Amino acid sequence: MRTFTLYSSAAAPMLLIGGWLVAESRQPAAFDPMRDAISDLAAIGATDRAIMTVALAGTGLAHLVTAYGLTDAARPGRLLIALGGLATILVAAFPLPEQGSSAAHTTVATIAFLALAAWPLIARPRAASRTPSAQAGSPAPSAQAGSRTPSARAGSPAPSARSAGRADAHRLPGETVAPTAETGDANGMPAVLRPPVSIVAGVVLLGLVGWFGVTLQGGGALGLAERAAAAAQAIWPFIVAFSIRVR
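Here this note's numbering is used: the sequence shown runs in plain steps of one and ends on residue 257.
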């Protein structure tokens, strides 16, 4: 992971949540955060709509930077983060009108919500099946038959007979073991990118989006549902980046 990713992923929730809190404080008393949407803060005719417009654009840009720098995650997941970031910028570019809705705004907002909710499901990196001895330029085991190796010494146990515990005892601090076909996973992969954590995260994020979708159809606490979904989507990339950093 690139170092700046920690800062860009932290900037996204700060801009988004901080933006709507400041913008809400500028609205008339009739504005209800529990029922009114975030987009209403940047809609044409809203009081100081530039606050939420800049916050949305900044959040989208932060997601784009995070997608570029989060190299520990698989490319499909990073592409979804980038798509969500671009769609968030377009949400700011296509504000709601003073009255009614906007097809362009609804489309890009839907893309942003779905992309930023689904990316954990496909963010797990693929584990390579090669070991260091099989890397390009390294001689095959059969080519080393003529050379004297520790495993060929008299009385020395074969590598296949050594226990995993003994191998771990001789491993240097911070040393990683090449992934194998049996494990199907890379040693040291952040827990937040492994199943079931990534799957649970994706399901929860999509569930919050589903809750928001239900409130869009039936009213109720629309503002609360949207803020819960948007905040969770903005915070999760930071949790991933922070976990990778402390590792």
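Just so it is clear, CB atoms sit at the ideal spot from N, CA and C, and this is done for glycine as well.
None of the values given here were measured: they were computed from a predicted structure.
Short Cβ contact (8 Å threshold) for residue i with residue j
{"i": "residue 39", "j": "residue 233", "result": "no"}
{"i": "residue 19", "j": "residue 130", "result": "no"}
{"i": "residue 90", "j": "residue 132", "result": "yes"}
{"i": "residue 70", "j": "residue 99", "result": "yes"}
Cβ neighbour criterion (16 or more within 10 Å) applied to residue i
{"i": "residue 65", "result": "buried"}
{"i": "residue 14", "result": "exposed"}
{"i": "residue 62", "result": "buried"}
{"i": "residue 43", "result": "buried"}
{"i": "residue 136", "result": "exposed"}
{"i": "residue 125", "result": "buried"}
{"i": "residue 57", "result": "exposed"}
{"i": "residue 94", "result": "buried"}
{"i": "residue 237", "result": "buried"}
{"i": "residue 200", "result": "buried"}
{"i": "residue 74", "result": "buried"}
{"i": "residue 113", "result": "exposed"}
{"i": "residue 96", "result": "buried"}
{"i": "residue 31", "result": "exposed"}
Rounded Cβ spacing between residue i and residue j (contact assumed at less than 8 Å)
{"i": "residue 134", "j": "residue 203", "result": "5 Å"}
{"i": "residue 59", "j": "residue 53", "result": "7 Å"}
{"i": "residue 226", "j": "residue 239", "result": "The pair is not a contact, with the Cβ atoms about 11 Å apart (cut-off 8 Å)."}
{"i": "residue 72", "j": "residue 21", "result": "4 Å"}
Residues of its chain near residue i, where Cβ-Cβ distance is below 8 Å and the 5 sequence neighbours each way are ignored
{"i": "residue 28", "result": "65"}
{"i": "residue 11", "result": "79, 80, 81, 82, 251, 254, 255"}
{"i": "residue 212", "result": "127, 128, 129, 130, 131"}
{"i": "residue 221", "result": "235, 238, 239"}
{"i": "residue 115", "result": "49, 101, 104, 105, 106"}
{"i": "residue 214", "result": "242"}
{"i": "residue 205", "result": "134"}
Own chain residues within Cβ distance below 7 Å of residue i, not counting five before or after
{"i": "residue 23", "result": "241, 244, 245, 248"}
{"i": "residue 118", "result": "97, 100, 101, 104"}
{"i": "residue 86", "result": "132"}
{"i": "residue 41", "result": "34"}
Residue-chain proximity (residue i, chain D), Cβ-Cβ < 8 Å
{"i": "residue 70", "result": "Absent here is chain D; the protein component of the structure consists of one chain."}
Close beta carbons around residue i, own chain, < 6 Å, minus the five adjacent residues each side
{"i": "residue 77", "result": "88, 91, 92"}
{"i": "residue 45", "result": "232, 233"}
{"i": "residue 123", "result": "219"}
{"i": "residue 16", "result": "251, 255"}
{"i": "residue 37", "result": "57"}
Query raised in the report: Would you call the stretch 99–108 and the stretch 48–58 in contact, with 3 or more CB pairs under 8 Å?
Result: With a cut-off of 8 Å, the stretch 48–58 and the stretch 99–108 count as touching, because enough Cβ pairs lie within range.
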